[in-house]
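Participant: Residue numbers (the UniProt record's numbering), protein chains in the order written: chain A, 1 to 745; chain B, 1 to 163.
1) Which residues, taken in chain order from the segment 21 to 33 of chain A, show a beta carbon closer than 8 Å to some beta carbon of chain B?
2) Where do the N-terminal and C-terminal ends of the alpha helix (DSSP H) with residue 10 (chain B) fall, by residue?
3) Assess contact between the segment 143 to 159 of chain B and the segment 679 to 694 of chain A, defined as three or more Cβ pairs (one per stretch) separated by less than 8 Å. Is contact present?
4) Straight-line CA distance for residue 1 (chain A) to residue 219 (chain A)?
5) Less than 8 Å separating the beta-carbons of residue 122 (chain A) and residue 61 (chain A)?
6) Please name the residue in A:274, A:231, A:383 and A:269 whose C-alpha comes closest to that of residue 302 (chain A).
7) Output the boundary residues of the beta strand (DSSP E) element that contains residue 68 (chain A).
8) Which of the three DSSP states is assigned to residue 42 (chain A) in this structure?
9) Spell out whether any CB of chain B is found under 8 Å from the CB atom of residue 282 (chain A).
10) Whole alpha helix (DSSP H) runs in the segment 577 to 602 of chain A with 4 or more residues, listed along the chain?
11) Can you name, in chain order, every residue of its own chain whose Cβ lies under 8 Å from the Cβ of residue 537 (chain A), other than the five neighbours on each side?
12) Per DSSP, what kind of secondary structure is residue 687 (chain A) in: helix, strand or coil?
13) Exposed or buried, which one is residue 126 (chain B) when buried takes at least 16 other CB atoms within 10 Å?
14) What does a CB cutoff of less than 8 Å around residue 503 (chain A) pick up in its chain, not counting 5 residues either side in sequence?
15) Less than 8 Å between the beta carbons of residue 109 (chain B) and residue 160 (chain B), yes or no?
16) Could you tell me the distance, in whole angstroms, from the CA atom of residue 747 (chain A) to the CA atom of residue 730 (chain A)?
17) Measure the alpha-carbon distance for residue 495 (chain A) versus residue 322 (chain A) and round it to whole angstroms.
18) On a CA-only basis, which of A:602, A:264 and A:519 is nearest residue 590 (chain A)? Give me that one, please.
19) Less than 8 Å between the beta carbons of residue 24 (chain B) and residue 44 (chain B), yes or no?
20) If you reduce the DSSP assignment to three classes, tell me which class residue 747 (chain A) lands in.
21) Give the residues of chain A in contact with residue 137 (chain B), contact being defined as C-beta atoms less than 9 Å apart.
22) State buried or exposed for residue 142 (chain A), treating a residue as buried only when at least 16 other CB atoms are found within 10 Å of its CB.
23) Less than 6 Å between C-beta atoms, sequence neighbours within five positions excluded: which residues of the same chain meet that for residue 326 (chain A)?
24) By Cβ distance, which residues of its chain are closer than 7 Å to residue 734 (chain A), with the 5 residues on each side in sequence left out?
25) Compute the Euclidean distance between the alpha carbons of residue 650 (chain A) and residue 714 (chain A), then round it to the nearest angstrom.
26) Under three-state DSSP, which class holds residue 488 (chain A)?
27) Just curious, the alpha helix (DSSP H) that residue 652 (chain A) is in, first and last residue?
28) Can you round the beta-carbon distance between residue 306 (chain A) and residue 291 (chain A) to whole angstroms, since I take them to be within the 8 Å contact cut?
29) Chain A beta carbons: is any one of them nearer than 8 Å to that of residue 75 (chain B)?
30) What is the C-beta distance between residue 478 (chain A) and residue 638 (chain A), in whole angstroms, given that I count them as a contact (C-beta under 8 Å)?
31) Rounded to a whole number of angstroms, what is the C-alpha to C-alpha distance between residue 689 (chain A) and residue 331 (chain A)?
32) Find the residues of chain B that neighbour residue 650 (chain A), judging by a C-beta separation of less than 8 Å, and give them in chain order.
33) What residues of chain A sit near residue 88 (chain B), judged by a beta carbon separation below 7 Å?
34) Step through the CB atoms of chain A and report whether any lies within less than 8 Å of the CB of residue 141 (chain B).
35) Is the CB of residue 134 (chain B) under 8 Å away from at least one CB in chain A?
36) Please identify the residue among A:145, A:379, A:207 and A:185 whose C-alpha is closest to the C-alpha of residue 178 (chain A).
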């Protein structure tokens, strides 16, 4: 095998020049001819029925072309199954403009289409809708007694429900020397990618559509639209090369996609529908969750008893589930464990995966509880975790495919200077601020899925690799190009990666930290198949230049096949293409996970974060001044973009712990801070010294690359470490995120 | 709300990226929408349309402004520089180059605003220290969390230690 030159090398993004010069086009930026603009009208009640829609004032606005709603919409599919998508939880998916029923506040109920964006927006504000309102309930806390087990479905295959009890929790907890019982809460949060959802639908005639969509899966949007409108899949093309952030929000097709297609089909015209920022609060969100923990340990610091229970909101029409409570049992070898996860259906839109879904929610409760137990034992938090280090996953009684968490602890602690941490309640002072230091572990499951890629080598000497996959900023395009280059021993400049188009080889939605492992492995396999094909053709070139050399006897380097024993014997790959009558030599390959092998192991990325906070004693303001996150996530494809992804995760952790929350008014049933002024995100002035360490980790099991994925793991350990640092400084445990100034006064 | 017919269009003369641009726009069209739609300069981004995110930042007569909070008709006779005018592939502005080097972007959607904001801040001579730069750049949100890399890129250009 040719040695890797590109994999593991810090590389700039291949699409970088396009992004920094404004040339990269996003969904709302295709200014096709004769474009109409649609503006969404949202329900102003939470639950009930539309009684009437008065269109008169709207129709009177010059430039208005049409108003589409449930009474006049074209035919849409009847069965729930036809509205499903690759990330749909069990239940009955929401159908925009399907009927008069209102299921949640802000539900899209009409689309006003006009010749200009401004006319559509103004006219939409004039639509008069009368409703019959029904009683609603959006209060999680007062409905815990109605909690139910999540329904089983495709989603629960990827996001398993908690394992059954092990040992005797009650007895172990009763006899534990040090114990802590806690309740943890966070409200809903919205993804708020910088780009607002938009779809530009081009009506190509005869039921044929080209759609520029903001999505995390071109094939997902294609299948969704094809199914709902009964179109042939070949007639629906979805293009999304650049996506202005996803964080999970694009894992399901959003309302604007259906609405722009509805209008395009109805009017036989090109139609763009963009959401505004407040409409970015009308689809899924990270669900509000209440958790209870009870952990107990023996006097010498052995964690013996773990009980972790979570209640999350879901909608009345779908059972959205995530993995919240499973991780304590994987992270620590406690022998007496009971876990429970339940859903409370409320009159809200179905929650959605949002960066590190479930994982970060659960880890906040687990790792904050761990520190409380350590405190009661008088043990250093890191020492307590090392004392309870799991060499195998006791929750499923399986070995880890690899686990270098111990090294994350060691390297992270050393770089951070953990030894300088003071005991809780004896903080160092800096002016009017006190300093706290905290740490946390993190874990994220490695998900395996099938994916496909095609590789071809052409007469220009270029390796063209393609997949329908898209990239919301993770760096996937660059990484896939690097993987491809190494398989054929080519410089990166000779690789062209073609992406973000549903006509290319099928890709799953990109999320869950699995895209490099899934699509990257497919790229590798396709390129290896191409290599094999090129070699076989080279063998039968005129004069048989390679003689009796076998595949293992040659190197592929810089566009040539070179016989190892006699490097003077070389065949140019372009000569092989010429021999193939100038036609590109092509190979397609799917990455099919070996489920039988994989299921013998627990597969997870691990991390440890170490955080310093400064707290203003008078004002209670918390500043995260310094943080180190050490990550063990298998092979790192591109240290430059990988570091950025972990930094992004760390910023998300800071945001979760100290900034963001969608405030749901329980009486109004709506999110009241639905803009970027009131939905607080960290700004540059909030972000200080962040350090990323990648710990070396080899994994032969998980996939063809040994890459576990890094999209979520950078976030998971940050939020709990911040809360532990605040506790270290103040002796106060903040249990409702984000922490508020008043919590510490 | 009363039903008022949309107003008649007006002529607006701008210089955009060094070239004259003649617009016929209704007074309710924002400079942002005029750039993105009428002039097809989609490098300037719409992230909130409310002046809360900074993605739409352009340089107008040497000052960084939020083009979503500016009506096109307000800027008749102005000189506007957008991301397209700062540099093009193969001919990058030093800050664009620094963004590549420091990986100061992920999804790329806040990038145009960050760069325009950074360029105007540097040219105005503001931001003496890293802490001041962080403060002065805080009107430009980044949801991917590229914050430290963005500030690194700006500091590299500002301190002149960028190649």
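The beta carbon of each residue, even a glycine, is placed where N, CA and C say it ideally should be.
Facilitator: Considering the structure as presented:
1) Result list: 21, 22, 23, 24, 25, 26, 28, 29 and 31.
2) No alpha helix (DSSP H) holds residue 10 (chain B); the beta strand (DSSP E) holding it covers 10 to 16.
3) Three or more Cβ pairs closer than 8 Å define a contact, and the segment 143 to 159 of chain B meets that threshold against the segment 679 to 694 of chain A.
4) Residue confidence is low: residue 1 (chain A) scores 48 on pLDDT, short of 50, so the model does not pin down where it sits. No coordinate-derived value is stated.
5) Taking 8 Å as the Cβ cut-off, residue 122 (chain A) and residue 61 (chain A) qualify as a contacting pair.
6) Checked all of A:274, A:231, A:383 and A:269; the closest Cα to residue 302 (chain A) is A:383.
7) Residues 64 to 69.
8) Strand, per DSSP.
9) Taking Cβ atoms only, chain B never reaches closer than 8 Å to residue 282 (chain A), which makes this a no.
10) The segment 577 to 602 of chain A contains these whole alpha helix (DSSP H) runs: 595 to 598.
11) These residues qualify, in order along the chain: 576, 579, 580 and 585.
12) Residue state, collapsed to three classes: coil.
13) Residue 126 (chain B) is exposed by the Cβ-count criterion.
14) Setting aside the 5 residues that flank it on each side, residue 503 (chain A) is surrounded in the same chain by 237 and 468, each with a C-beta closer than 8 Å to its C-beta; the list follows chain order.
15) No, the pair does not count as a contact, with Cβ atoms beyond the cut-off.
16) Residue 747 (chain A) falls outside the range modelled here, since chain A spans only 1 to 745, and no answer is possible.
17) Answer to the nearest angstrom: the Cα atoms are 38 Å apart.
18) Checked all of A:602, A:264 and A:519; the closest Cα to residue 590 (chain A) is A:519.
19) Between residue 24 (chain B) and residue 44 (chain B), the CB-CB gap reaches or exceeds 8 Å.
20) Outside the shown range of chain A, which is 1 to 745, sits residue 747 (chain A), and nothing can be said about it.
21) Residue 137 (chain B) reaches chain A at 683, 684 and 685, counting residues in chain order whose Cβ is nearer than 9 Å.
22) Exposed: under 16 other Cβ atoms inside 10 Å.
23) If we look at residue 326 (chain A) and ignore the five residues flanking it on each side, its Cβ neighbours are 162.
24) Answer for residue 734 (chain A): 723, 726 and 743, listed in chain order.
25) Roughly 6 Å between the two C-alpha positions.
26) The answer is coil: DSSP assigns residue 488 (chain A) none of H, G, I, E or B.
27) From DSSP, the alpha helix (DSSP H) with residue 652 (chain A) extends over 639 to 658.
28) At roughly 13 Å, the Cβ-Cβ gap does not stay under 8 Å, so residue 306 (chain A) and residue 291 (chain A) are not in contact.
29) Not one beta carbon of chain A lies nearer than 8 Å to the beta carbon of residue 75 (chain B).
30) Contact holds; Cβ gap of about 6 Å.
31) The alpha-carbon atoms of residue 689 (chain A) and residue 331 (chain A) are separated by roughly 28 Å.
32) Within 8 Å Cβ-Cβ: 145.
33) The answer, in chain order, is 21.
34) For residue 141 (chain B), the answer is yes, since a Cβ of chain A falls inside 8 Å of its Cβ.
35) Residue-level contact check: residue 134 (chain B) touches chain A, since one or more beta carbons of chain A fall below 8 Å from its beta carbon.
36) Residue 178 (chain A) has its Cα closest to that of A:379, out of A:145, A:379, A:207 and A:185.
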